[in-house]
Amino acid sequence: MQEHSEHHIVPKRVYALVFTTLIIMTWVTAWISTVDLGPMNIWVALSIAVFKASIVVLFFMHVKYGTRLTKMIVCSGILWLMFLLFVTMGDMWTRGWMGVPGR
Amino acid sequence: MIAATVPVKEEKNYMNAEHGLKSWLLTQDHKRIALLYLLSVTVFFIVGGLFAALIRLELTTPAGDLLDSNTYNKVFTAHGVVMIFFFLIPSIPAILGNFLLPLMIGAKDLAFPRINLLSWYVYMLGGTLGVVVLATGGVDTGWTFYTPLSTTYSNGYVVLTAMAAFVAGFSSILTGLNFIVTVHRMRAPGLTWFRLPLFVWAHYATSVIMILGTPVIAVTLFMLMLERGLHIGFFDPAYGGDPVLFQHLFWFYSHPAVYIMILPSMGVISEVVSTFCSKKPFGYTFIAFSSVAIAVFGFLVWGHHLYVSSQSAYAGMVFSILTYILAIPSAIKIFNWAATMYKGQVRLTAPMLYALGFIGLFTVGGLTGLFLAAMGLDVHVTDTYFVVAHFHYVMVGGAIMGYMAGLHYWWPKITGRMYSQLWAKVACCLVFIGFNLTFFPQFVLGYLGMPRRYHVYPVEFQVLNVLSSGGAAVLGLGYLIPGVYFLWSLKYGAKAGDNPWGATTLEWQTSSPPPTANFEVTPVVTTEVYDYSNTEVPHIV
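Written out as structure tokens, the structure is:
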């Protein structure tokens, strides 16, 4: 290896805090599923999931302390996921635009 | 009098540095791992080829007289699964990329040698699962596993086959990860990004696809397994699912997977054309960035596989336009290779013949892809032999011709031995003729309306099918001959020397075969890439 990036030592209390947050948010996910929020059901569940995934990536996977290249690689993965989700949903959203011949 | 002979000390290289099966199975040397891949990938190529032979034999007559319809379904599925997941995807990256990437950048090995070995074991695990499926009855869904056939109606071993592809995918991810880190972190001093050989650029772009695309097919196949086993309802309208969602997810990976096959081939062609014209590739930067452009835009065109599904026509239009845009970076490469050859000292060696074959056949494959990108025309030829011919021109005419060009080009480096140029040229001509005889009639058959994946057909299609089957026999012979002269060369071939072709990239600056650590001294790069000003053009017999 030509160079080594410095390893950041994360205090144990940060891990404990992240772990506690994940447990609490899991409990919130379970609780919120019993409350009918109408069309917001899916968005609330997804928001909690995205928040939980973000803190796992940032703290447990050390991306917060990683190099800019590491952050860029993570962002490119998220961008690709957006391609997949939005373009696929683009198909779903526009299917009805042309109508059905004969109806 | 007894004549005494003085034993000649054999030069140490990666092949004779250690002996015994254990030294191979536990090796962390990227070159030995590449050879492990070479052996295993070749076995899968032969297996996939035998299934192709069965298909062409069956289609020699209009009646289903060799295979019944169920067996035929299983045979073409096995051909597709084996060739795509276990031959085409790993062929160039895992064999030539593994062997050459560290050598080309002046490194001692890949960044993660143990992960490299792990990738081979994971690949073998996936391959073994695939073989178990074949031995126990096979699967009949086609390599595309479309729902609801795969989730509800198929009687074959769908879950096990999906698991085989799922596992093999992880091998691909590990290889891609290794390549990206290696290119970023282990380049020799002075080897800037724009001094990298185009083969390295191509593999970097391929690795991006492997890392970003393969997890999606893994998730998709996992969803398929859950759906078939537990009836969860991702793809079942009865539970609020959508079968077209499977096609979206599947092709999000599987279209870019074509670029996992073709981009490394393009990297090979750039090296071969440059060496045998003794010229820096025309438009080096454009070729390098076109690889990256193909990797990025290749992810945005998957919907052109879904024109006849219930995909929205508006989405179809966007995918159609994006597909046309994707043709531009591919065309840049073709034009630049042609411009490199223009007024070059073109030497028609065996690797160069394969490279020329690639350019011709890939051009036909690419242009017919534009026919299929047109929504109206696509409706006429979807699921016909036109599509079969198109993707074989890309995958066989493109990817395998490139693989053969690369194997012939670097064989002297890999083994230290030369093979017969005459036989290699004969084999290349047989492959070119056999390939066109096999697949060109299929364009006509498809346009006339012969559907793919049927074992019986109307009698008026027989002449073209017989031509196609005859061509397949010639093609098979063309692939068999290199196996003979490559093996022959290991024992009887002339010593190759370090740089038999007069090439300029770093792998040719070390001995053939290279030592375990690749270079005696870490090279320092002080000249621009493809600098032929101080290179003599050797005479090759």
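Chains as they are written, first to last, in this note's numbering: chain A, 17 to 119; chain B, 179 to 719. Positions of the beta carbon are idealized from the N, C-alpha and C atoms, including for glycine.
Beta-carbon spacing of residue i, residue j below 8 Å
i        : j        : result
Ala681/B : Arg595/B : no
Leu266/B : Met439/B : yes
Ile472/B : Leu441/B : yes
Ala340/B : Leu423/B : no
Val559/B : Leu550/B : yes
Ala583/B : Val450/B : yes
Gly476/B : Pro434/B : yes
Thr104/A : His483/B : no
Gly150/B : Ala366/B : Outside the modelled stretch of chain B, which goes from 179 to 719, sits residue 150/B, for which no answer is possible.
Gly308/B : Val253/B : no
Ile211/B : Thr220/B : no
Val337/B : Arg406/B : yes
Tyr625/B : Pro240/B : no
Phe413/B : Pro421/B : yes
Leu352/B : Ile293/B : yes
Val145/B : Phe290/B : No statement about residue 145/B is possible, as the shown extent of chain B runs from 179 to 719 and does not include it.
Asn643/B : Leu369/B : no
Tyr462/B : Leu376/B : yes
Met495/B : Thr562/B : no
Gly315/B : Ala343/B : no
Val572/B : Gly612/B : no
Asn696/B : Lys286/B : yes
His257/B : Ile233/B : yes
Asp207/B : Thr694/B : yes
Buried or exposed by the 16-neighbour rule on C-beta atoms within 10 Å, applied to residue i
i        : result
Lys511/B : buried
Ala32/A  : exposed
Leu97/A  : exposed
Ser313/B : The residue you asked about is not Ser; residue 313/B is Ala in the sequence shown. Exposed is the call here.
Ser598/B : buried
Leu665/B : exposed
Tyr215/B : buried
Thr330/B : exposed
Trp47/A  : exposed
Ala650/B : buried
Phe222/B : buried
Thr42/A  : exposed
Ala493/B : buried
Glu685/B : buried
Trp165/B : No answer is possible for residue 165/B: it lies beyond the span of chain B, which begins at 179 and ends at 719.
Trp371/B : exposed
Trp298/B : buried
Cβ shell of residue i (< 6 Å), same chain only, five flanking positions each side left out
i        : result
Asn251/B : Asp318
His383/B : The question names His, but residue 383/B in the sequence shown is Ala. Here the set comprises Leu441, Ser469, Val470, Ala473.
Phe348/B : Val300
Gly106/A : none
Ala517/B : Phe460
Ile410/B : Leu404
Asp391/B : According to the sequence displayed, residue 391/B carries Gly and not Asp. The answer, listed in chain order, is Tyr431, Pro434.
Gln640/B : Pro240
Contact list for residue i against chain A, beta-carbon separation under 8 Å
i        : result
Leu390/B : Ser92, Gly93, Trp96
Same chain, Cβ closer than 7 Å to residue i, five either side skipped, listed in chain order
i        : result
Gln523/B : Cys455, Ser456, Val715
Lys603/B : Ala528, Leu531
Pro678/B : Pro590, Met596, Pro716, Ile718
Leu478/B : Leu500
His381/B : Pro271, Gly275, Leu279, Phe357, Pro442, Gly445
Pro668/B : The sequence shown places Leu at residue 668/B, rather than the Pro named in the question. Same-chain partners within the cutoff: Thr593, Arg595.
Contacts of residue i in chain B (Cβ-Cβ under 7 Å)
i        : result
Leu101/A : Near Leu101/A there are no residues of chain B at all, since even the closest Cβ is about 10 Å away, more than 7 Å.
Gly106/A : Ala493
Residues that residue i contacts on chain A, provided the C-beta gap is smaller than 7 Å
i        : result
Tyr492/B : Thr110, Trp113
Neighbouring residues, chain B, relative to residue i (Cβ below 8 Å)
i       : result
Asp52/A : Those within 8 Å of Asp52/A in chain B number zero; the least Cβ separation is about 17 Å.
Beta-carbon proximity list for residue i, same chain, < 8 Å, skipping 5 on both sides
i       : result
His24/A : His78, Tyr81
Val72/A : Val34, Leu38
Glu19/A : With a pLDDT of 45 at Glu19/A, under the threshold of 50, the predicted position of this residue should be treated as unreliable, and no value is reported.
Which residues, in order along the stretch 394–418 of chain B, keep a beta-carbon less than 9 Å from a beta-carbon of chain A?
Val394
Contact list for the stretch 424–442 of chain B against chain A, Cβ threshold 8 Å
His426, Leu427, Phe430
When Cβ atoms are compared, which residues of the stretch 472–505 of chain B fall closer than 9 Å to chain A?
Phe477, Leu478, Trp480, Gly481, Leu484, Ser488, Gln489, Ser490, Ala491, Tyr492, Ala493, Gly494, Val496, Phe497
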